[in-house]
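Per the numbering used here, the very first residue in the sequence shown carries number 1; after that it's consecutive.
Backbone N, C-alpha and C fix where the C-beta goes; we use that ideal spot for every residue, glycine too.
This report refers to the structure that appears directly beneath it.
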Amino acid sequence: MSDFKLKDILVVMRDSFKDVIPTIYTSERPKVIGENLNEFMVVSLPVMLYNKTYGTGYGVTSSYARIEIFVRDVNGLEQVAKLDNYIQRIIDKFPINNDLLIMSRPRVVLSGADGYGFHVATIQASFLTK
1 MSDFKLKDIL VVMRDSFKDV IPTIYTSERP KVIGENLNEF MVVSLPVMLY NKTYGTGYGV
61 TSSYARIEIF VRDVNGLEQV AKLDNYIQRI IDKFPINNDL LIMSRPRVVL SGADGYGFHV
121 ATIQASFLTK
């Protein structure tokens, strides 16, 4: 049995998608984003983690991962084509399978405006640690 590797899972998520949008934050978005940053992502594990092994420590763990895509509005309007492109490029990467985890079954939710000049699309995916 081992310790749960939150950092390692977030790094796998970040590295899996950095060729789509290079600016990726973990866990939550910063409240202030520079004017020159027009898109970014946030990868997180916002829900309960289910330990599938008995005893102490973590072995096999399952949960859901969240990937949020933020695209800056232009003249107050959502950039639907740009969001759609990013969503498709991320979905095309599934399933993600490496020595640490398997991430699969992505689901898309259009989350609307964030109140800071960006529109957001959220992708939720199942993951299982090995």
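query: Buried/exposed call for Gly50, threshold 16 Cβ in 10 Å; result: Before going on, a small fix: residue 50 reads as Tyr here, not Gly. With fewer than 16 Cβ atoms within 10 Å of its Cβ, Tyr50 is classed as exposed.
query: Test: Lys18 CB closer than 7 Å to a CB of chain B; result: Here chain B cannot be found, since the structure has a single protein chain.
query: CB of Met41 within 7 Å of CB of Ile69, strictly; result: yes
query: Beta-carbon spacing of Ser126, Arg105 below 7 Å; result: yes
query: Same chain, Cβ closer than 6 Å to Thr61, five either side skipped, listed in chain order; result: Leu49, Asn51 and Thr129
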